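Engineer:
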Amino acid sequence: MSATINPLANPKGGKKLCELCQKPAYLQCTKCRVTYYCDVAHQQADWNSIHNKACELLILIRSPAPLHSWQTDRDHHHMQTQKRLEQLMELSHAESKRRVSEGKYEEALPAAQLSLRCAMDVYGPNAVEHVPAYLLLAEANMGLGFLSQAEGYLSKAQWTTMKTLGCSQVILHQLHRTLGRLYTATGRYRSALLHFANDIFHASEEFGLNSVVSAGGYFLMANVFVKEEKPDIAISLYSQVTSIWHMHLSKMVEHYSQRGTQGEQHFDEAQLAEVDQMLNVMLEAQQQGVNTHQSAMLSHSLGQSALLSHSLAMFWFLCRDHSKALDFGRKAAEFSRQCEEQNSLAESIQSLIQEVEKHITIQQIPTIQQ
Amino acid sequence: AKLQDVEILQNIQFRNTLRQNLCVSMLREGFHRSFAEFFSLLERWRASREAAGPGSALWQQRPLEKHPRKLEPLREHLTRAESAERAGSYVEVYENYLALARFFSEPEDRWIRYHFYELSLLSAGKIKMDSGKREAEANGHMGEVYLEQGPLAREHYEVFYNLAVGRLWQDESGNTHHSRACMGLCRIYTLLAQRQLQTKDYRTAIQILTKAYDMAKEGTHTQTHVSMRTLAYLLSLSDPYQFLSTFAEIATGLDDAAGLGKAYKAIAKSLEMCAYATPRPSHIYTHHIAYFKFLKKTCPDFLNRSSVCVCVYARMCMQGQYDRGSDYFSQAYELACSLGSVPALRKAQACVGVARAHALLRPYSAAVVTGGPRSLLALIRWKEVREDGFVDSSGMWVNYSDNSEKGSKTLIK
Chain A
1 MSATINPLAN PKGGKKLCEL CQKPAYLQCT KCRVTYYCDV AHQQADWNSI HNKACELLIL
61 IRSPAPLHSW QTDRDHHHMQ TQKRLEQLME LSHAESKRRV SEGKYEEALP AAQLSLRCAM
121 DVYGPNAVEH VPAYLLLAEA NMGLGFLSQA EGYLSKAQWT TMKTLGCSQV ILHQLHRTLG
181 RLYTATGRYR SALLHFANDI FHASEEFGLN SVVSAGGYFL MANVFVKEEK PDIAISLYSQ
241 VTSIWHMHLS KMVEHYSQRG TQGEQHFDEA QLAEVDQMLN VMLEAQQQGV NTHQSAMLSH
301 SLGQSALLSH SLAMFWFLCR DHSKALDFGR KAAEFSRQCE EQNSLAESIQ SLIQEVEKHI
361 TIQQIPTIQQ
Chain B
1 AKLQDVEILQ NIQFRNTLRQ NLCVSMLREG FHRSFAEFFS LLERWRASRE AAGPGSALWQ
61 QRPLEKHPRK LEPLREHLTR AESAERAGSY VEVYENYLAL ARFFSEPEDR WIRYHFYELS
121 LLSAGKIKMD SGKREAEANG HMGEVYLEQG PLAREHYEVF YNLAVGRLWQ DESGNTHHSR
181 ACMGLCRIYT LLAQRQLQTK DYRTAIQILT KAYDMAKEGT HTQTHVSMRT LAYLLSLSDP
241 YQFLSTFAEI ATGLDDAAGL GKAYKAIAKS LEMCAYATPR PSHIYTHHIA YFKFLKKTCP
301 DFLNRSSVCV CVYARMCMQG QYDRGSDYFS QAYELACSLG SVPALRKAQA CVGVARAHAL
361 LRPYSAAVVT GGPRSLLALI RWKEVREDGF VDSSGMWVNY SDNSEKGSKT LIK
């Protein structure tokens, strides 16, 4: 799989550099013969990350252009290479994104680097298309704890967006969110808040005021306020997030019960983990509120807890984890009984519990028959 | 690192739009509700502009997001309201929303004003300590808002009235809330009654108008012409004599000259209309005289319009009393002369002529009927000279002033 090469034997002017660290290479991938590494560890890392998928594409892209005598042929070849580069960029980007969301940051890095390199080849040195790759690199680095590298990538990304007029709102929103998370991690809370504010603004511009995307921004912002010890602002932000998610999930459940679609995936893995974590954090915060607060805030906390438990129940119901859904549904019913205000909420909780129980019995019947 | 952040901030402020800067500055401090409010207002403006389409008046207007003078206070008050809400002091919330509602006073920002009046009503409902004063106020504002849009304001004004009745609350200008509520209700009832009149539902109209009148009486505000107008409707609808006493009461209790004039006119007119059904010429007569005397007292430019009316009205009351009728006609003629208005002059001339002819007719026919040498002589003499006078059977010489000659001659022609 790997063949040794000697740097001294390289043809003049053609330097062979390691795919990952850009140092002089001593190894060559025997499959494609166009990728080089400094040592086995790097080759292994690259293979695990992206090279197993990109190997064949790379042959076509990196092998020197054949001699065409016609201009049209040369143009055609160039076009084809560009197209393949774009394809590779998308492939590596998707791969890296998947790894990041799975939490395998180590494996995400080489893919993200490849994606960035392709973007540079396709769009030139300073294009806004690099930003997604920068963001992925930053996220992977943040995941690994390399904050200064992450900041470096992010400032590159920010510089690029600043120089580009009419940058898309989605990119800006993602950039500011990543920046905000970076500054939260480094403890620069004012900057973090500024970036989250920008993030929410762009997200609202793109997805609307009460979208789930901006709710994510609100949640991150609330966490910063918790760290800054401003619990009143954090609580108000949490309740905003809660109401947005509750509304969103209720709509989804309604949609689900109307259409009755089976097999449709509502959340992918990364979203699933994120939403679960977010709702649980808020529920815990509210339950702390229930335990500590005075009576004026108590009913508010209870109401929020009821909403959150209901949201979680709906969430697990949509993810077809019916036992969890049942647990949270009962919790929600308990909370709503305690706060004795939201009648419509209690009704929808009851109907959800019934629905879940129906599903559970349906699931149990085949197992009994077996 | 901090210095760097500040620099970036400053640069960003120049790069971005005002809207973004304000939104971000609100969000940074955690004012997410203010942000949502602000953002949705701008979105609403944008949507209504899109709906109006290019070329419309709204399209030509300067966008709301390019008015720093409007947006800055908007942000200021919204954030203050939100921090007050967090602290639980709803009075401050209410005051901030009210300030915003007052701030957007321009006609093109009317919808923003409505919006903030609604918000202030919502926050006023949460204030528990002031026994409903602010809720009453907010309802009053909502009533005004709906009154501008259409008579949907009844509920709000009724709540306002119920909250304010028996209280001594005052607004900045010193009016009590109670009287304001009464006035508002009076206006709404009048409007509602007008609707009923359009559908010719007179019974309910009268019921509503009676309510309006009660309100006007209860409010005891100086603008009594509201109640006047209300009464005028009542008069025109039902038996006028029932309300005559009330009407005269108000009219005499007034210092308002124009209002008094309107009152007399309304009475005279309604009486005139009823005169066909129930002939009571003496009533009509006296009210016309009262109206005329009043006109004489007030300014001459008021006469300008009214002298002609007097002529016409007097025709009614001269049934049977031609000599006095023609007396008033000549006064009207004089007035028309002094005013120098040709159509008024002509009308007066014609009226005088008619009156004179009628006045002449009675002694003339009497002379013909009685016969005898004296009356025959009188007839012959009159026929010879065709004078404007006639010696009737009693031997009295009926004569008129010179300026009425033209009148009778035009008539004879």
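So the protein sequences, as listed, match chains A and B.
Position one of the first sequence corresponds to residue 1 (full-length UniProt numbering), numbered consecutively onward.
Position one of the second sequence corresponds to residue 1 (full-length UniProt numbering), numbered consecutively onward.
All residues carry an ideal CB built from backbone N, CA and C; glycine is no exception.
Just so you know, these numbers come straight off a predicted model, no measurement behind them.
Between A:Pro24, A:Cys167, A:Leu249, which lies nearest to residue 459 of chain A when the distance is taken from Cα to Cα?
Structural biologist: Residue 459 of chain A cannot be examined here, being either before or after the span of chain A that is shown, 1 to 370.
Engineer: Within 10 Å of its beta-carbon, does Gln198 of chain B have 16 or more other beta-carbons around it, so buried, or fewer, so exposed?
Structural biologist: Label assigned to Gln198 of chain B: exposed.
Engineer: Is the CB-CB distance between Ala9 of chain A and Cys18 of chain A below 9 Å?
Structural biologist: No. Outside cutoff.
Engineer: With DSSP collapsed to three states, give me the class of Ser115 of chain A.
Structural biologist: Of the three classes helix, strand and coil, the one that applies to Ser115 of chain A here is helix, per DSSP.
Engineer: Roughly how many angstroms separate the alpha carbons of Phe207 of chain A and Ala197 of chain A, rounded to a whole number?
Structural biologist: So the alpha carbons of these two residues sit roughly 15 Å apart.
Engineer: Beta-carbon within less than 7 Å of Leu308 of chain A's beta-carbon, same chain only, minus the 5 sequence neighbours each way: which residues are those?
Structural biologist: Hits under 7 Å: Thr242, Leu279, Met282, Leu283, Gln286.
Engineer: Can you confirm whether Met1 of chain A, when its beta carbon is compared against all beta carbons of chain B, has any partner nearer than 9 Å?
Structural biologist: Answer no: the Cβ-Cβ gap between Met1 of chain A and chain B never drops below 9 Å.
Engineer: Could you tell me whether any non-hydrogen atom of the ligand NAD is closer than 8 Å to the CB of Ile200 of chain A?
Structural biologist: This structure lacks the ligand NAD, and indeed carries no ligand of any kind.
Engineer: Three Cβ pairs or more, each shorter than 8 Å: is that satisfied between the region 88-95 of chain B and the region 121-128 of chain B?
Structural biologist: At 8 Å Cβ cutoff, the stretches touch.
Engineer: Quick one: list the residues of chain B neighbouring Tyr218 of chain A, beta-carbon separation under 7 Å, in chain order.
Structural biologist: In chain order: His32.
Engineer: What are the residues in the region 12-46 of chain B lying within 7 Å of chain A by C-beta distance?
Structural biologist: Cβ contacts with chain A come from Gln20, Cys23, Val24, Leu27, Arg28, Gly30, His32, Ala36, Phe39, Ser40.
Engineer: Since Leu192 of chain B and Ile208 of chain B should fall inside the 8 Å C-beta cutoff, what is the C-beta to C-beta distance between them, to a whole number of angstroms?
Structural biologist: Their Cβ separation, rounded to whole angstroms, is 5 Å, which keeps Leu192 of chain B and Ile208 of chain B in contact under 8 Å.
Engineer: Answer yes or no: do Met314 of chain A and Ala325 of chain A have a C-beta to C-beta separation smaller than 9 Å?
Structural biologist: Taking 9 Å as the Cβ cut-off, Met314 of chain A and Ala325 of chain A qualify as a contacting pair.
Engineer: In terms of residue numbering, what span does the alpha helix (DSSP H) encompassing Cys339 of chain A cover?
Structural biologist: Start and end: 322-339.
Engineer: Could you tell me whether any Cβ in chain B is nearer than 9 Å to the Cβ of Ala25 of chain A?
Structural biologist: Not an interface residue.
Engineer: Output, in sequence order along the chain, the residues in the region 183-204 of chain A whose CB is closer than 8 Å to any CB in chain B.
Structural biologist: Result list: Arg188, Arg190, Ser191, Leu193, Leu194, Phe196, Ala197, Asn198, Ile200, Phe201, Ser204.
Engineer: Between the alpha carbons of His141 of chain B and Tyr117 of chain B, how many angstroms are there, rounded?
Structural biologist: Between His141 of chain B and Tyr117 of chain B, the C-alpha separation is close to 7 Å.
Engineer: Are the C-beta atoms of Met221 of chain A and some chain B residue less than 9 Å apart?
Structural biologist: Judged by the 9 Å Cβ criterion, Met221 of chain A is in contact with chain B.
Engineer: Report yes if the CB atom of Lys211 of chain B is closer than 9 Å to the CB atom of Leu163 of chain B, and no otherwise.
Structural biologist: Their beta carbons are not under 9 Å apart, which means Lys211 of chain B does not touch Leu163 of chain B by this criterion.
Engineer: Any beta-carbon of chain A closer than 9 Å to the one on Arg86 of chain B?
Structural biologist: Answer yes: the Cβ-Cβ gap between Arg86 of chain B and chain A drops below 9 Å somewhere.
Engineer: Going by the beta-carbon positions, is the gap between Glu95 of chain B and Gln61 of chain B smaller than 9 Å?
Structural biologist: Contact flag unset, no.
Engineer: Just to confirm my understanding: we take Ile244 of chain A, look at its own chain, exclude 5 residues before and 5 after, and list those with CB closer than 6 Å. What are they?
Structural biologist: Taken in chain order, the residues that qualify are Asn210, Ala215.
Engineer: Would you mind telling me which residues of chain B sit closer than 7 Å to Asp232 of chain A, beta carbon to beta carbon, in chain order?
Structural biologist: Near Asp232 of chain A (Cβ distances below 7 Å), the residues of chain B are Arg86.
Engineer: Ser239 of chain A lies in the alpha helix (DSSP H); which residues open and close that run?
Structural biologist: From DSSP, the alpha helix (DSSP H) with Ser239 of chain A extends over 231-259.
Engineer: Run through the region 161-221 of chain A for me and flag every whole alpha helix (DSSP H) of 4 or more residues, listed as ranges in chain order.
Structural biologist: Within the region 161-221 of chain A, the complete alpha helix (DSSP H) runs of at least 4 residues are 169-186, 189-207.
Engineer: At least one CB of chain B closer than 9 Å to the CB of Asn126 of chain A: is that the case?
Structural biologist: Answer no: the Cβ-Cβ gap between Asn126 of chain A and chain B never drops below 9 Å.
Engineer: Would you identify the three-state DSSP class for Cys29 of chain A, choosing helix, strand or coil?
Structural biologist: If DSSP states are grouped into helix, strand and coil, Cys29 of chain A belongs with the strands.
Engineer: Less than 9 Å between the C-beta atoms of Tyr157 of chain B and Ala138 of chain B, yes or no?
Structural biologist: Their beta carbons are not under 9 Å apart, which means Tyr157 of chain B does not touch Ala138 of chain B by this criterion.
Engineer: Quick one: is Leu209 of chain A near chain B, going by C-beta distance under 9 Å?
Structural biologist: Yes, contact with chain B.
Engineer: With a threshold of 16 other CB atoms inside 10 Å of the CB of Glu82 of chain B, please say whether the residue is buried or exposed.
Structural biologist: With 16 or more other Cβ atoms within 10 Å, it is buried.
Engineer: So who's on the other strand from Pro24 of chain A, going by DSSP bridges?
Structural biologist: Partner(s): A:Leu17.
Engineer: Please report whether the beta-carbon of Leu237 of chain A lies at a distance below 9 Å from any beta-carbon of chain B.
Structural biologist: Closer than 9 Å to some Cβ of chain B, the Cβ of Leu237 of chain A qualifies, so yes.
Engineer: Just reading off the beta strand (DSSP E) that Ala3 of chain A is part of, what are its end residues?
Structural biologist: Where Ala3 of chain A is concerned, the enclosing beta strand (DSSP E) stretches over 2-4.
Engineer: What residues in its chain sit with their C-beta under 6 Å from that of Leu144 of chain A, if we drop five residues either side in the sequence?
Structural biologist: Within the same chain, Leu144 of chain A has close Cβ partners Tyr105.
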